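Asker:
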Amino acid sequence: MSTALALKLAVFVPLLGAILILLADRRPNLREGITLVTALALFALVLRVAFGDGAPVETTLIELLPGLSIALHNENLSILFAAVASGLWIVTSIYSIGYMRGNKEQHQTRFYACFAIALAGAVGVAFSANMLTLFVFYEVLTLSTYPLVAHKEDANAKRGARVYLAILLATSIGFLLPAMIAVWWHAGTLDFVPGGVMAGRIDPALGALLLVLFMYGIGKAALMPFHRWLPSAMVAPTPVSALLHAVAVVKAGVFTVLKVSVYLFGLDYLKELWSSELMLYVAVFTLLAASLVALQQDNLKARLAYSTVSQLSYIVAAAMLANEMAALGGAMHIVMHAFGKITLFFCAGAIYVATKKTEISDMDGLGRRMPVTFAAFFVGALCVIGVPPLGGVWSKWYLLSGAYDSGHALVVVALMLSTLLNIAYLVPPVVRAFLLPARDGDESPGLREAPLLCVLPLSLTALGGLAMFFLAAPLSQRLMAMFAG
Amino acid sequence: MSQTLALIVVVPMLGAAVAALLPAGRLPWLLATAVSWYMLAAAAMLAGQAMDLGVLSYAMGNWEPPFGIEYRLDPANALLALLISGLAAVVLPFAGRSLASEVPEEKSPYLYGALLLFLCGQMGIAVSGDAFNIFVFLEISSLATYTLIALGRDRRALTASFSYLIMGTVGATFFLIGVGLLYAMTGTLNMADLALRIPEVAASRTVHTAYAFIVVGVCLKLALFPLHLWLPNAYTYAPSAVTALMAATATKVAIYLLIRFIYSVFGADFSFGEMPTVYLLVPLAVVGLLSTSVVAIGQDKIKRMLAYSSVAQIGYMVLGIGMASATGLTAALLHLFNHALMKGALFMALGCIAIRFGTSRLEVFRGLGRRMPWTMAAFVAGGLSLIGVPLTVGFISKWYLVLAAIELGWWPIVAVIIVGSLLAVVYIWRVVEVAYLQTADDMSRCEAPLSLLVPTWVLILANFWFGIDTRLTIGIAERAAAMLSGLTP
């Protein structure tokens with residue numbers, strides 16, 4: 001199979017999977033079987049793209065507008081994001097089966113079908129060869145996740161889904177679309193080219209304005225004040241929060257930020273713009289403020305959501321620092337944070353399935369009943385915080401070097417401070433679960449873990465976070481290629 | 486072969502007379518459907534020729550133009566002819582079942598007679614190259630429309646029809662006065678000939694007056710804010726299939742007339758150099774599209790909501806016309822075609838609901854996501870197209886409109902276009918939430934019959950088809966815009 005074909009199939013296989021899932025409506029085992037097979041097939045396709053002969057490939061699906069095509073390519077940052085999203089989809093699919101059946105959720109067919117479509121969107125975003133293609137898949141991702149957020153169909157879900165859709169559509173149509181059209185008009189191309197396409201074609205005064213439009217237009221990156229959709233999305237079932245709102249959707253946002261910064265603006269051009277400094281400080285503010293908000297949350301999922309807002313801003317800040325070291329750190333943080341955060345969400349879901357508890361203050365003493373879950377939570381937390389021997393340490397390392405290199409002492413301080421805050425809001429739940437006596441006085445011995453289909457995936461992702469510590473070197477080598485050219 | 490250009494108008498005219506004589510029942514409908522399909526085939530053939538040859542011309546009664554009446558087809562009206570006949574060919578199969586439930590059977594011969602007359606008038610305006618002849622067809626289609634609206638089962642349809650009659654007649658009269666003044670100054674009614682002669686007399690006050698009368702008259706017909714007051718009631722109370730057809734074609738034909746007169750009869754130099762057209766059209770379009778979008782949000786009847794949305798969308802087209810650039814004109818022509826697809830589909834989805842509930846009030850939408858899954862899916866898809874989500878036709882329209890505004894450096898207008906789009910999200914999603922996230926007491930399935938669903942979905946798929954494969958629409962629109970404005974995009 002040629003790489004071009006693999007790229008196309010990677011987008012179409014999940015869509016086909018969604019159709020088959022809808023057709024298998026009344027046979028749950030067949031339906032979940034299809035989900036798993038689709039996830040495996042997708043991952044295999046992404047691996048085929050990743051380990052091909054390495055030659056750059058661009059393949060056109062259709063010419064949407066004169067001179068502007070829907071096209072896919074196999075650049076390294078793309079492969080990285082696609083591999084993370086599709087690889088973790090396999091684990092999440094297993095987890096979903098345990099979670100959705102364990103909770104006896106309604107409308108499971110719609111759930112699995114929309115999930116598959118969302119993955120098609122995420123992989124499409126990843127492999128986009130130009131900004132128009134990326135925008136198309138970005139909107140597919142927004143719309144396909146709306147039914148997932150509104151899944152419960154009660155008043156709460158309705159409100160959350162409304163905020164979700166309103167912010168994501170308003171930012172993308174309101175800011176991203178005009179910014180993109182302006183680049184098309186002035187630069188004559190929207191292709192992602194190493195080194196960027198805007199230098200020498202767009203006046204830096206306009207470029208600076210466009211940067212602000214792009215950064216706020218990519219609402220999925222959750223820069224304040226357009227971050228509210230992410231906590232709102234927590235009304236969704238936990239597998240959705242885990243894969244989509246800790247990995248696929250939000251990472252599609254920061255991936256787009258990186259892609260736009262590196263391949264559309266170009267880091268050198270970006271450095272010249274006055275607004276890159278401004279957006280850097282917006283990101284720094286977001287990462288500190290969201291951490292402080294996370295500290296206040298008693299609801300475990302809400303705390304994790306604000307933590308995600310904060311971690312996303314690491315990556316935006318990395319892009320705005322506009323040097324290779326920082327951008328590399330940002331790209332690696334996409335992977336490292338993915339493993340850490342998906343583990344944390346899986347744990348939150350497992351706790352809910354086993355005990356129906358959602359508030360941290362109710363979880364005292366739970367560690368003795370659910371040791372595997374809370375051990376995994378601890379590992380995930382360490383990964384997000386960035387403690388060796390977990391993958392998170394490397395991305396923070398590169399990020400800090402990048403900030404130090406460019407002389408942004410304030411950013412270095414902010415990153416350090418934020419790491420302390422990470423410890424402050426992620427470690428206490430584990431400590432309380434293991435060390436405090438149970439609130440309800442239920443000291444009965446014996447394990448009460450969630451179903452195996454929940455516990456197995458979260459153990460796998462926790463181990464993944466550990467493995468990433470050792471895989472960082474080959475990863476960063478491949479990623480360096482994105483600055484070549 | 487060139488007779489096709491005449492037959493495309495003559496066949497529906499004769500068909501109307503025959504339909505009125507047929508016995509009540511299904512026969513008039515069958516005839517009308519057959520005629521609409523003939524028109525589509527003819528229009529497709531003509532459009533192909535017009536794209537190859539540039540301009541097709543047919544002299545009525547063999548009187549050479551500019552003395553006789555000339556039928557003339559270039560890329561601009563080829564697009565319009567395709568639109569009218571295409572929409573008619575989809576809506577008429579839908580109309581059979583839908584109108585049977587809304588209009589008493591004994592009226593069916595006159596009903597389909599009027600529908601065919603309406604099509605004849607619309608097509609006549611599209612292909613005629615003679616200004617007075619256009620007035621005649623304008624009246625033919627308008628009279629047919631008044632009848633069709635009055636057939637709505639709500640008695641308020643009568644007042645709606647009457648107020649449209651008054652406004653429409655004022656508009657047509659203004660148009661006629663303008664044409665008369667032009668005739669007095671130039672001695673010709675042939676539009677190609679007018680375009681040659683007007684520059685010689687352009688400085689005269691008579692020509693300025695003629696321009697004002699024609700533009701205002703046509704703007705009444707196309708329901709430009711604030712001349713739109715007839716439209717919401719007319720759309721709301723007309724029978725569903727009639728609304729779908731009218732919303733998709735009638736205002737579009739008037740938009741075409743505006744483009745034809747501004748750009749080719751008077752010429753862009755006169756319209757934008759000599760006359761303050763930009764300052765007339767652009768502010769009205771902007772205020773119109775924002776204010777009517779806001780009004781649409783507050784509507785309780787979804788049919789009326791979509792009617793206000795139509796006025797807003799007309800604002801987009803007029804905005805494109807007012808930009809006086811090739812890209813702006815391309816955007817206007819594209820949106821003319823694309824909006825017909827989305828609004829036609831949305832009104833047809835409402836027709837599917839009307840056949841089950843007899844109304845389009847918001848409360849009947851409760852639980853419809855599960856009760857009428859295909860109908861509501863069509864509504865959502867049409868709504869997404871209206872919002873301008875990528876891969877739908879709405880996105881293509883928005884792209885060109887924003888591009889045209891950026892090209893001119895009109896950033897505030899970019900903001901207006903975007904805000905209009907976001908307001909569409911609000912009014913469409915209001916319906917979606919009620920349909921999918923609320924439940925009714927009775928949750929039994931009540932999907933519309935296939936004879937309604939299939940045509941609705943044909944149009945929905947067209948929304949996606951022309952949103953993905955844009956060669957046909959953009960190709961024609963760009964050529965038409967280049968030809969009309971004399972600029973290359």
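Taken in order, these protein sequences are the chains called A and B. For the first sequence, counting from 1, position 347 maps to 347 in the numbering used here; every step adds exactly one. Going from the second sequence to the numbering used here is simple: count from 1 and add 485. Think of the CB as a built atom: it goes at the ideal place given N, C-alpha and C, for glycine as much as any other residue. On a predicted model such as this, the values are computed, not experimentally measured, just so you know.
(1) Do you know how far the Cα of A:Val136 is from the Cα of A:Ile19?
(2) Look up B:His820 in the DSSP assignment and say whether it is helix, strand or coil.
(3) Excluding five sequence neighbours on each side, which residues of the same chain lie with their C-beta closer than 7 Å to the C-beta of A:Ala289?
(4) When the cut-off is 8 Å and only beta carbons count, does B:Gly852 lie next to chain A?
(5) State yes or no: is the beta carbon of A:Leu119 nearer than 8 Å to at least one beta carbon in chain B?
(6) Taking the beta strand (DSSP E) that B:Leu507 falls in, what are its first and last residues?
(7) May I ask you to verify whether the stretch 88-99 of chain A touches the stretch 201-221 of chain A, counting CB pairs closer than 8 Å and requiring at least 3?
(8) Output the distance between the C-alpha atoms of B:Ile903 and B:Gly805, rounded to the nearest integer angstrom.
(9) Return the CA-CA distance between B:Leu819 and B:Ala566, expressed in angstroms with no decimal places.
(10) Taking all protein chains shown into account, do 16 or more other C-beta atoms lie within 10 angstroms of the C-beta of A:Phe255, making it buried, or fewer, making it exposed?
(11) Return the Cβ separation of B:Ile493 and B:Met608 in integer angstroms, given the expectation that the two are a contact with Cβ distance under 8 Å.
(12) Nearest by alpha-carbon distance to A:Leu273: which of A:Leu328, A:Thr142, A:Thr238 and A:Ala322 is it?
(13) Compare the beta carbon distance of A:Phe13 and A:Leu36 with 8 Å and say whether it is the shorter of the two.
(14) Going by beta carbon distance, what residues of the same chain come within less than 6 Å of B:Leu743, once the five residues before and after it are set aside?
(15) Indicate the three-state DSSP secondary structure (helix, strand or coil) for A:Asn299 in the structure shown.
(16) For A:Val262, count neighbouring Cβ atoms within 10 angstroms of its own Cβ and tell me buried if that reaches 16, exposed if not.
(17) Could you name the residues of chain B that A:Ala150 contacts, counting a contact when the two beta carbons are closer than 8 Å?
(18) I want to verify the contact list: residues of chain B whose CB lies under 7 Å from the CB of A:Val136, in sequence order.
(19) For chain B, is any of its Cβ atoms less than 8 Å away from the one on A:Ala409?
(20) Would A:Met480 be called buried (16 or more neighbouring beta carbons within 10 Å of its own) or exposed?
(21) Applying the 10 Å Cβ sphere with the 16-neighbour rule, what's the burial state of A:Ser86?
(22) So which residues of chain B does A:Asp153 contact, with C-beta pairs closer than 7 Å?
(23) If you follow the alpha helix (DSSP H) that A:Ala71 is part of, which residue opens it and which one closes it?
(24) Residues in the same chain with beta-carbon distance under 6 Å from A:Val293, minus the five sequence neighbours each way, listed in chain order, please.
(25) Just reading off the beta strand (DSSP E) that A:Leu64 is part of, what are its end residues?
(26) Keeping to the same chain, check which residues put their C-beta closer than 6 Å to that of B:Val803; ignore five residues upstream and five downstream.
(27) In chain A, which residues lie with their C-beta within 8 Å of the C-beta of B:Ser810?
(28) Answer yes or no: does any C-beta atom of chain A fall closer than 8 Å to that of B:Val887?
(29) Specify, as a first and last residue, the run of the alpha helix (DSSP H) that B:Tyr556 falls within.
(30) So B:Leu541 is in the beta strand (DSSP E); what residue range does that whole segment cover?
(31) So is A:Leu211 in contact with chain B if we call contact Cβ pairs under 8 Å?
(32) Let me check you understand the geometry: is the CB of A:Ile334 closer than 7 Å to at least one non-hydrogen atom of the ligand FMN?
(33) Return the residue from the list A:Met100, A:Ala338 and A:Thr133 that minimises the CA-CA distance to A:Val260.
(34) Determine the closest residue to B:Leu577 out of B:Ala529, B:Phe757 and B:Pro724, with distance taken between C-alpha atoms.
(35) Pop quiz: B:Met676 and B:Val750 are said to be a contact at Cβ under 8 Å. What is the actual Cβ separation, rounded to whole angstroms?
(36) Determine whether the Cβ of B:Ala962 lies closer than 8 Å to any Cβ atom of chain A.
Answerer: On the basis of the supplied data:
(1) Approximately 20 Å between the Cα atoms of the pair.
(2) Residue state, collapsed to three classes: helix.
(3) Excluding positions up to five away in sequence, the list reads Met224.
(4) Cβ-Cβ to chain A under 8 Å: no for B:Gly852.
(5) At a cut-off of 8 Å between beta carbons, A:Leu119 makes no contact with chain B.
(6) No beta strand (DSSP E) holds B:Leu507; DSSP gives it neither H nor E.
(7) The answer is no - the stretch 201-221 of chain A does not touch the stretch 88-99 of chain A, with fewer than three Cβ pairs under 8 Å.
(8) Straight-line Cα distance between these residues: approximately 14 Å.
(9) B:Leu819 and B:Ala566: Cα-Cα distance of roughly 14 Å.
(10) A:Phe255 is buried by the Cβ-count criterion.
(11) Right, the Cβ-Cβ distance comes to about 6 Å (below 8 Å), so this counts as a contact.
(12) Nearest neighbour of A:Leu273 by Cα position, chosen from A:Leu328, A:Thr142, A:Thr238 and A:Ala322, turns out to be A:Ala322.
(13) It should be noted that the sequence gives Val, not Phe, for residue 13 of chain A. Going by C-beta atoms, A:Val13 is not nearer than 8 Å to A:Leu36.
(14) Excluding residues within five positions, the ones whose Cβ falls inside 6 Å are Val703.
(15) The answer is strand: DSSP assigns A:Asn299 an E or B state.
(16) Buried is the label assigned to A:Val262, since at least 16 other Cβ atoms lie within 10 Å of its Cβ.
(17) Taking a Cβ-Cβ cut-off of 8 Å, the neighbours of A:Ala150 in chain B comprise Tyr921 and Leu922, given in sequence order.
(18) The answer, in chain order, is Pro875 and Leu876.
(19) No, no contact with chain B.
(20) Only exposed fits A:Met480, as fewer than 16 other CB atoms lie within 10 angstroms of its CB.
(21) Buried.
(22) According to the sequence as given, residue 153 of chain A is Glu; it is not Asp. Neighbours of A:Glu153 on chain B, chain order: Leu922.
(23) DSSP places A:Ala71 in no alpha helix (DSSP H) but in the uninterrupted beta strand (DSSP E) bounded by Leu68 to His73.
(24) Exclusion of the five residues before and after A:Val293 leaves Tyr306 as the residues of its chain whose Cβ lies within less than 6 Å of its Cβ.
(25) Glu58 to Leu65 is the span of the beta strand (DSSP E), which, as asked, contains A:Leu64.
(26) Short of 6 Å from the beta carbon of B:Val803, and not among the five residues preceding or following it, lie these beta carbons of its own chain, in chain order: Leu709, Leu766 and Ala770.
(27) Simply none; closest approach about 12 Å.
(28) At a cut-off of 8 Å, the C-beta of B:Val887 has a neighbouring C-beta in chain A.
(29) That residue, B:Tyr556, is in no alpha helix (DSSP H); its beta strand (DSSP E) goes Glu555 to Leu558.
(30) Where B:Leu541 is concerned, the enclosing beta strand (DSSP E) stretches over Leu541 to Ala544.
(31) Output row for A:Leu211: interface = no.
(32) Only the bare structure without any ligand can be found here, which leaves the ligand FMN out of the picture.
(33) Selected option, being the one with the closest Cα: A:Thr133.
(34) Closest option to B:Leu577, Cα to Cα, is B:Pro724.
(35) The Cβ separation is near 5 Å, so the contact holds.
(36) Not closer than 8 Å to any Cβ of chain A, the Cβ of B:Ala962 fails to qualify, so no.
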